[in-house]
Amino acid sequence: MRALRIDRNTGRFMLARLVSGIDTGSAAKIGPLTLGDDDAPELPGPGWLRVYPRLTGICGSDLATVEGHASTYFENWVSFPFVPGHEVVGELESGERVVIEPVLGHAARGHALPFDGAAPGDGDDYAHLALPPLEPGIQIGFCNSTGGGWATELVAHESQIHRIPDDMSDERAVLIEPLAGGIHSALQAVESVRGVASPVIAVQGAGTMGLCAIAGLRAFAPKAHIVVGARYPAQMRAAKELGATTVVKASELARTVRHVVGCHVVGDYLSSGAHATIDAVGNSDSIATSIRITRPRGRVVLMGMPARVDVDLTGLWHRETELKGSY
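Each residue of the sequence shown is one higher than the one before, starting from 609 at the first, in the numbering used here.
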């Protein structure tokens with residue numbers, strides 16, 4: 609099969625990180641990503657199927673890996689070499705079109721569910737992600753045993769496969785995985801404001817994931833005032849179309865939240881703020897801003913995947929703000 613593959617090559621990772629700070633487009637050429645012919649992955653056992661990708665998305669986590677910015681945390685949760693790509697629309701040998709739920713959870717790895725009805729990422733012990741029969745890997749696209757969507761073939765467990773209707777295009781279906789992630793983050797924000805009649809929820813970032821979160825917020829918190837900080841005009845228009853109440857430039861987000869809530873400014877912090885904030889950026893500046901604009905005892909949902917950050921957490925401590933990861 610033809611495949612784009614990531615090899616464990618520390619030198620190339622470091623060089624890609626260095627070059628990406630100067631010219632992002634050149635990082636992929638010198639980084640750990642290579643194109644070549646590989647053996648197709650073997651079926652690990654009963655219940656596994658071959659999937660032939662038709663269309664695969666490029667996630668921010670994929671770009672971080674290609675450009676050398678991925679956190680070293682994942683080194684022990686992946687297996688090299690691996691084929692990236694977890695936002696997959698594919699075709700089974702039967703000709704049926706499917707999307708992949710990428711997490712290699714308990715069912716896919718042949719382990720008992722932590723509780724009845726558990727989702728692939730549920731549970732309070734992630735040992736199964738690194739235990740046989742598969743090589744370590746949090747999901748398809750980061751596991752040597754399964755391959756990924758940046759190849760002409762991969763394998764997936766039947767628990768990960770979802771048929772899609774004939775009238776849904778590949779271009780729409782490929783958004784199902786990121787949309788699910790956006791809705792997951794939205795629900796984590798909504799969970800924290802239950803009982804609030806008209807909550808104010810801020811969203812930092814209006815890229816694909818931020819927009820998916822906005823759609824989820826509007827669906828599950830119809831009375832919320834959703835304030836969005838976006839970078840580009842096209843993002844601002846899309847955020848509005850998906851249900852945002854107020855959309856401003858990212859630099860105006862704190863001022864706008866203050867105006868909507870009607871609070872004071874104390875130093876760099878709002879005296880109150882949004883009931884919850886979704887950070888769909890995930891860098892030092894965005895996390896610091898999210899904490900500053902969220903009211904005391906509010907929740908910050910960290911949706912954007914961070915790596916190493918430098919953030920003063922004194923305000924988080926003093927305001928008893930909850931910082932919640934959203935994978």
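Virtual Cβ for every residue (Gly too), placed ideally from N, Cα, C.
The structure displayed is predicted, hence computed values, not measured ones.
Taking L924 as the centre and dropping the five residues before and after it, the same chain places the C-beta of I899 and L931 closer than 7 Å to its C-beta, in chain order. If you draw a straight line from the Cα of S753 to the Cα of T664, it is about 19 Å long.
Under the three-state reduction of DSSP, P661 is assigned to strand. Residues of the same chain with a CB within less than 7 Å of the CB of G933, apart from the 5 flanking positions on each side, are L910 in chain order. D646 sits close to R613, with the two beta carbons spaced by under 8 Å.
Three or more Cβ pairs drawn from the region 854–866 and the region 827–841 lie within less than 8 Å of each other, which places the two stretches in contact. C-alpha of V835 to C-alpha of A810: approximately 5 Å in a straight line. In terms of Cβ geometry, T902 and T885 form a close pair [threshold 8 Å]. Using a Cβ-Cβ distance cut-off of 8 Å, the region 738–749 and the region 707–716 are in contact, since at least three pairs of beta carbons, one from each stretch, lie closer than that value. For V804, the closest alpha carbon among the candidates Y734, A832, A794 and L825 is that of A832. Secondary structure at V873: strand, using DSSP grouped into helix, strand and coil. When secondary structure is reduced to three states using DSSP, H833 falls in the strand class.
Straight-line spacing of the CA atoms in M622 and D774 works out to 44 Å.
For E699, the enclosing beta strand (DSSP E) begins and ends at V696 to L700. In the same chain as D670, and ignoring 5 residues on each side of it, the C-beta atoms closer than 6 Å to its own belong to P692, in chain order.
For L878, same chain residues with a beta-carbon under 6 Å away, outside a window of 5 residues either side, are R866, C871 and I901 in chain order. Taking 8 Å as the cut-off, the Cβ atoms of F828 and L850 do not count as close. When DSSP states are grouped into helix, strand and coil, F690 belongs to the strand group. In the displayed model, P904 falls within a strand according to three-state DSSP. Spatial neighbours of H765 in its own chain (CB-CB distance under 7 Å, excluding positions within 5 residues in sequence) are listed in chain order as G655, W656, A715 and A716.
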